[in-house]
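Data block below; observations after.
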Amino acid sequence: MDNHIRIFDNLFQSNISKFQNLTSKSYIIRNDNEKNSYLPMVQEIRELFGKEGEIFSKSIGTHPDFFGIENTNEYQYICSLFVDISGSTKLALKYSLDKVKLYKNAIISSAIEIFRAFDGHIHRIQGDAVLVYFGHKELEKSDAIINAINAASLMQYFNATTLKKFFESENLEPLKIRIGIDFGDDSSVLWSKYGIDGINEITSTSIHTDLASKFQNKAPSNKIMIGENINKYLDIPKKFRSIKIEKNNGVDVEKRYILNTNNLGRYSMEVFEWEKYLNSFSMLPPFSTENEQFYSPRDLKIRCWIIDEKNQDKYEYIERGSALKKEMNLLFKLEIYNQCLEFKNIKWRVVNYGEEAKKDKELEFEMNQYEGYQYCNQKTAYTGLHFMECYLYDINDKIICHDSFGLFINDNNREVRKLGIED
8 MDNHIRIFDN LFQSNISKFQ NLTSKSYIIR NDNEKNSYLP MVQEIRELFG KEGEIFSKSI
68 GTHPDFFGIE NTNEYQYICS LFVDISGSTK LALKYSLDKV KLYKNAIISS AIEIFRAFDG
128 HIHRIQGDAV LVYFGHKELE KSDAIINAIN AASLMQYFNA TTLKKFFESE NLEPLKIRIG
188 IDFGDDSSVL WSKYGIDGIN EITSTSIHTD LASKFQNKAP SNKIMIGENI NKYLDIPKKF
248 RSIKIEKNNG VDVEKRYILN TNNLGRYSME VFEWEKYLNS FSMLPPFSTE NEQFYSPRDL
308 KIRCWIIDEK NQDKYEYIER GSALKKEMNL LFKLEIYNQC LEFKNIKWRV VNYGEEAKKD
368 KELEFEMNQY EGYQYCNQKT AYTGLHFMEC YLYDINDKII CHDSFGLFIN DNNREVRKLG
428 IED
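The numbering used here applies: residue 8 is where the sequence shown begins, and numbers increase by one.
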């Protein structure tokens, strides 16, 4: 992932350089003269995940959908993300306060830029923690959740590469970053003003926003903890989820629930395996290429287009940048960039996940009619994260290499848990 490490290295270094001469400002997103701009690295991330146009939010505090709230209440869904960055206080043992502030500001600012790249809204900065909202009235709920898990995954990747390298170069232990994410549907999130005249804020009242913070606290170091509603809405494959294990008197104990009471019921939590998730992208190189002669996207890559038969047109679907609706016609193509990659045959295979595909017994099947072709056609059908796989064979019918392309499908009509009492 050398090219993507470069993006994050540049992002961090740019923030260090930007704050080099600042000695009196606290954490900021942008100063007034830069309000409508953002770092070029943010645009690179947006393009990588198919984000078009300007970033959603250029401010901190009140969510842009609710600037007009006075003495009223509004209900609207939100996906809340809470990230806590621990370990930066050790900088104070080695550097002057000016230097500590410089590095901490660069770390927080880089995190902010990553979240903004996925249209997150920075609601609050609390020391070394940040509360981010994903979602707005013009965005599908599934896309808000996808943005949150993609942003969280890249934040952990940023810490595992750029920040780890920086702290090790300073002979300091790497940071420990924990992230919690949860989703509250329209009836479960109340937006209103708190405080008195001149001293107030507009924020969300929702157990799911509160739980995002608790999930962060429960997450293992450098991991992401997701609430039950995240999986209920997206139906994430089990290979990207795991149960947290804690030691109790030397015995492994599963921690499945954040709530487990008679009056509130149960509400589950799971670790989102961000490393496995990022490693399954066709457009991202694998973390390790030691045993791989050919791999995507260096030597080959699957691309996908949505076919608009009505207008006789097609447009590209960027892998896992958003969710596709059901009954959409797709064209997959295998592009080969390495002329040394010689093959005799190609086979395509669909791997579906989720309850809907399982119910119809359509979890895995071969696309036999497209054997030998560098393309295949398929239609979206089931909610979940699914994969189109492509295998290349040599003259002895032995697999040379393979690639897989992941896509989210969602009709945005999902049942999720509603905790507490509704008005």
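For each residue, glycine too, the CB sits at the ideal point set by N, CA and C.
Since the structure is predicted, the reported quantities are computational estimates derived from the model, not experimental observations.
- Two segments are said to touch when three or more pairs of C-beta atoms, one from each, lie closer than 8 Å; by this definition the stretch 214–227 touches the stretch 187–195.
- Looking at E120, K144, I115, the one whose alpha-carbon comes closest to that of I132 is I115.
- For the alpha helix (DSSP H) assignment, the uninterrupted runs of no fewer than 4 residues enclosed by the stretch 122–205 are, from N- to C-terminal side, 148–165, 171–176.
- Note that the C-beta distance between K425 and S194 is below 8 Å.
- Residue state for A226 is assigned as coil, using DSSP reduced to three classes.
- Leaving aside the five residues that flank M290 on each side, the residues in its chain whose CB is nearer than 6 Å to its CB run, in chain order, P304, E326.
- Each residue's CA atom was taken as its position, placing Y201 and P71 some 16 Å apart.
- Distance from the CA of L218 to the CA of T268, rounded to the nearest whole angstrom, comes to 15 Å.
- A direct Cα-Cα distance of roughly 48 Å separates F19 from Q376.
- Only residues of its own chain outside the window of five on either side were considered, and among them L241, R327, G328, S329, A330, F415 have a CB closer than 8 Å to the CB of I153, listed in chain order.
- Scanning G413, E177, L55 for the CA closest to the CA of S95 turns up E177.
- Check the Cα spacing between K368 and each of L338, A388, D135: the tightest is with A388.
- The alpha-carbon separation between G134 and S220 amounts to approximately 14 Å.
- Pairing E371 with N359 gives a Cβ-Cβ distance under 8 Å.
- Annotated three-state conformation of K425 is coil, per DSSP.
- For L307, no alpha helix (DSSP H) encloses it; the enclosing beta strand (DSSP E) starts and ends at 307–315.
- The C-alpha of L197 is placed about 10 Å away from the C-alpha of T79.
- Runs of the alpha helix (DSSP H) lying entirely within the stretch 233–283 and spanning at least 4 residues, in chain order: 235–241.
- By the 16-neighbour rule on beta-carbons within 10 angstroms, E316 is exposed.
- Residue environment analysis places E54 among the exposed positions, since fewer than 16 neighbouring C-beta atoms fall within 10 angstroms of its C-beta.
- At the C-beta level, N419 and E147 come within 8 Å of one another.
- The beta carbons of L138 and F89 sit about 5 Å from each other, so the pair counts as a contact at 8 Å.
- By the neighbour-count criterion, in which 16 or more other beta carbons inside 10 Å mark a residue as buried, P47 falls on the exposed side.
- Taking 3 residues as the minimum length, the beta strand (DSSP E) runs contained wholly in the stretch 336–398 are 336–343, 352–358, 371–373, 382–386, in order along the chain.
- Within its own chain, the residues whose Cβ lies closer than 6 Å to the Cβ of R185, once the five positions on either side in sequence are excluded, are D91, Q223, A226, listed in chain order.
- In the DSSP annotation of this structure, E54 is not part of any beta strand (DSSP E); the continuous alpha helix (DSSP H) holding it starts and ends at 47–55.
- With respect to the 8 Å criterion, L182 and S117 are not classified as neighbours on the basis of their beta carbons.
- Less than 8 Å separates the beta-carbon of S249 from that of E280.
- In the three-state DSSP reduction, E208 falls in the strand class (E or B).
- According to DSSP, residue pairing for E323 in a beta bridge involves W312.
- Counting only the Cα atoms, I62 lies some 24 Å from Y82.
- Of the candidates E277, R310, K386, the residue whose Cα lies closest to the Cα of N238 is E277.
- Your pair K308 and D410 checks out as a contact, with CB atoms roughly 7 Å apart and the cut at 8 Å.
- Just so you know, the alpha carbons of A99 and S295 end up roughly 35 Å apart.
- Close CB contacts of Y324 within its chain, under the 8 Å cut and outside five residues either way in sequence, are with G57, C311, W312, I313, L331, L337, L414 (chain order).
- In terms of Cα proximity to C408, the closest of K386, F74, W355 is W355.
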